[in-house]
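A short worksheet on the structure shown next.
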Amino acid sequence: MASVDQASAATSAPAPAVDASQKVKKHDFTREVKQASQNAERVRELNVSLQERQKLTAQEIGKIQERINDIVDTLNKHLQVSQSDLNFAVDEISNRFMVTVTNQDTGEVVRQVPAEAVLAVAHNIEKLKGLIFDKTL
């Protein structure tokens, strides 16, 4: 009797166990592939959305810079009419506002805000951006 039990156990037990494990592995793989494709699609959608936002932000920044330059020009025109010694400008490298007080008689700069030293530091930092950061925002 022991030989009959051993023979039936040897022939029937291993075959279903292998088939069941293969089915489980195949089922898990299919589910993982579906999940991965859904994740990839979601990443593509987010990437497109991010690129659109970056384009809009860059356009908005450009419009704001144009508006600032217009305001600076308007301020300077009004100050020229009033014979004032003030001059407003935007530094092109650091994008900082500058106010300069000059002596009308000699044309000498009496005071500048921010000072030349501060602007020099800002210019040096701008030059080092590529070394410190990979890209600008």
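Position one of the sequence shown corresponds to residue 31 (our numbering), numbered consecutively onward. Note that beta-carbon positions come from the ideal geometry of N, C-alpha and C, so glycine has one too. All values reported here derive from a predicted model rather than from experimental measurement.
Can you look up residue i in the DSSP assignment and give me helix, strand or coil?
i	result
R141	strand
T136	coil
I123	coil
Looking at C-alpha atoms only, which residue of the options is the closest neighbour of residue i?
i	options	result
L149	N125, A88, I101 and Q84	N125
V120	Q110, N106, T132 and N133	N106
L109	Q68, Q134 and E71	Q134
What residues match up with residue i in a beta bridge as DSSP calls it?
i	result
N106	BP columns for N106 are empty, so no partner.
F118	V129
Classify residue i as buried or exposed, calling it buried when 16 or more other Cβ atoms lie within 10 Å of its own Cβ.
i	result
P46	Confidence in P46 is poor, its pLDDT being 49 and thus under 50, which makes the residue's placement unreliable; the coordinate value appears in the next sentence. Exposed.
Determine, using beta carbons only, whether residue i and residue j come nearer to each other than 8 Å.
i	j	result
V131	L116	yes
M128	V139	no
E146	I123	no
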